[in-house]
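One structure is given here, and the rest of the page talks about it.
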Amino acid sequence: QMSEEDELIVVCDSEDDSIAQSSFESKVKLVVAGEPENCSGKANAIYHGMKASKNNRVVWTDDDFKHPDNWLEQMHRDCDRYGGVSELPFFTGNNPLTILNEPIYAFTMLMAYLNNQAWGGSVMFDRDGFNEEKFLEELQKTVGDDVLLSEHLESKTVMRTHCVEIDETIRGSLERVTRFVKHVRYHEPFQTGLLTATSFLLAAAAITYPLTSFTISTVFFLTVYLAMGRKRPTFLLGYLSLIILPLFLLYGLLRRTFVWQGRRYRYNSKLDVEILEK
838 QMSEEDELIV VCDSEDDSIA QSSFESKVKL VVAGEPENCS GKANAIYHGM
888 KASKNNRVVW TDDDFKHPDN WLEQMHRDCD RYGGVSELPF FTGNNPLTIL
938 NEPIYAFTML MAYLNNQAWG GSVMFDRDGF NEEKFLEELQ KTVGDDVLLS
988 EHLESKTVMR THCVEIDETI RGSLERVTRF VKHVRYHEPF QTGLLTATSF
1038 LLAAAAITYP LTSFTISTVF FLTVYLAMGR KRPTFLLGYL SLIILPLFLL
1088 YGLLRRTFVW QGRRYRYNSK LDVEILEK
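Written out as structure tokens, the structure is:
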């Protein structure tokens, strides 16, 4: 999908990573980011990838979903139109806890679409369209690369979803929930308070009026799934996910640390991150 002018930069943590031992085409540049100091491993990787790239137009993407044949071409068209564009993930699980959370993940991504929040797994933008220097400075002090990007860059999130299978244990699911909650907590504190209060009200209503709540929540999450172009039976779990949502929010808010890709982090504030152990 790449043109002659494009550059492909692959970033890894260390020379011991399996990807570092792979052989690439001549136009592929491998960047070894090294260990992060005051930010997440992913934020560190993106920082070094951005520093290594030369082109004005940049695309971030992950390797955990299938890219359609016309993916890059479509992203370019949308970026030309909007000045910055992002797609959406549709998270699917392989353990009971993640599967139970699928409706909430889907709703969260629908909110990201409505609020034009960028997803780091598929986003394209022009470097001269925002203050890149300021962004990179803050990127070295935070965990959430894409939520930070959304604060600096005006972009359009389009309703194109990619199925991202979350291959993790139940413990890993709890760590993911904590990380997501911390993102919202430090980047959108008002929304966090509103969401937490609303979740308790919805859970109370679901328990008090089970039949009515089950019907309404099932229809609602089916609509969300269809809006995102996905057909999975997990929309039927929407009622249960509403009941347990406030518990997960409280869990994420009260946890002081979380593990992500083998590193334990303490997220003190948006731009204050400690790496406690690896």
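Under my numbering, residues 838 to 1115 are what the sequence shown spells out, in order.
Think of the CB as a built atom: it goes at the ideal place given N, C-alpha and C, for glycine as much as any other residue.
None of these values were measured; they are calculated from a predicted model.
Does the Cβ-Cβ distance between residue i and residue j come in under 8 angstroms?
{"i": "C886", "j": "V922", "result": "Inspection of the sequence shows that residue 886 is occupied by Gly rather than by Cys. In this structure, V922 does not lie closer than 8 angstroms to G886 by Cβ."}
{"i": "F962", "j": "V895", "result": "yes"}
{"i": "N931", "j": "D850", "result": "no"}
{"i": "F1058", "j": "P933", "result": "no"}
{"i": "P926", "j": "I1112", "result": "no"}
{"i": "A1034", "j": "L1079", "result": "no"}
{"i": "D915", "j": "V865", "result": "no"}
{"i": "T929", "j": "R1092", "result": "no"}
{"i": "L1073", "j": "T1094", "result": "no"}
{"i": "T998", "j": "E1114", "result": "no"}
Please return the same chain residues whose Cβ sits closer than 6 angstroms to the Cβ of residue i, not counting the five positions on each side in sequence.
{"i": "G957", "result": "W897, D982, D983"}
{"i": "G1120", "result": "It is not possible to answer for residue 1120, since the shown part of the chain is limited to 838 through 1115."}
{"i": "R1067", "result": "F927"}
{"i": "V960", "result": "W897, S923"}
{"i": "A882", "result": "V848, A870"}
Quick check: the Cα distance between residue i and residue j, rounded to an integer number of angstroms?
{"i": "S1106", "j": "Y1023", "result": "6 angstroms"}
{"i": "I834", "j": "I936", "result": "The requested residue 834 is not part of the displayed model; the chain covers only 838 to 1115."}
{"i": "R1101", "j": "S1010", "result": "15 angstroms"}
{"i": "E1025", "j": "R964", "result": "25 angstroms"}
{"i": "N893", "j": "S987", "result": "18 angstroms"}
{"i": "E1012", "j": "S890", "result": "32 angstroms"}
{"i": "E969", "j": "C1000", "result": "30 angstroms"}
{"i": "L1032", "j": "M948", "result": "12 angstroms"}
{"i": "Y942", "j": "E1002", "result": "12 angstroms"}
{"i": "D843", "j": "H913", "result": "12 angstroms"}
{"i": "A880", "j": "K993", "result": "22 angstroms"}
{"i": "T1071", "j": "S855", "result": "35 angstroms"}
{"i": "A870", "j": "L1108", "result": "20 angstroms"}
{"i": "V1061", "j": "K903", "result": "22 angstroms"}
{"i": "F861", "j": "E841", "result": "16 angstroms"}
{"i": "I1053", "j": "P1047", "result": "10 angstroms"}
{"i": "S859", "j": "T1045", "result": "57 angstroms"}
{"i": "Y950", "j": "D917", "result": "19 angstroms"}
{"i": "L911", "j": "Y919", "result": "First, the amino acid is wrong: residue 911 is Gln here, not Leu. Their backbone Cα atoms lie some 12 angstroms apart in a straight line."}
{"i": "L1063", "j": "L985", "result": "29 angstroms"}
Can you list, in chain order, the residues of its chain with a C-beta nearer than 8 angstroms to that of residue i? Leave out the 5 residues immediately preceding and following it.
{"i": "L990", "result": "G921, A955, F962, G966, F967, F972"}
{"i": "T945", "result": "F1017"}
{"i": "C876", "result": "Y884, L976, Q977, K978, T979, V980, V1110"}
{"i": "K888", "result": "L973"}
Give a yes or no on whether 8 angstroms exceeds the smallest Cβ distance from residue i to chain D.
{"i": "R918", "result": "No chain D is part of this structure, which consists of one protein chain only."}
Between the options, which has its C-alpha nearest residue i's C-alpha?
{"i": "L1087", "options": "M912, I936, V1096, V1021", "result": "V1021"}
{"i": "N952", "options": "Q1028, F902, L937", "result": "Q1028"}
{"i": "K978", "options": "V1110, L845, K1115", "result": "V1110"}
{"i": "F1037", "options": "L1074, L1084, D853", "result": "L1084"}
{"i": "N938", "options": "I1007, E841, P905, D917", "result": "I1007"}
{"i": "D900", "options": "Y919, L1063, Q911, L845", "result": "L845"}
Apart from the five residues just before and just after residue i, which ones in its own chain have a Cβ nearer than 7 angstroms to its Cβ?
{"i": "S1050", "result": "A1042, A1043, Y1076"}
{"i": "Y1104", "result": "V980, K1019, Y1023, V1110"}
{"i": "Q1098", "result": "G878"}
{"i": "E852", "result": "V869"}
{"i": "V1096", "result": "E1012"}
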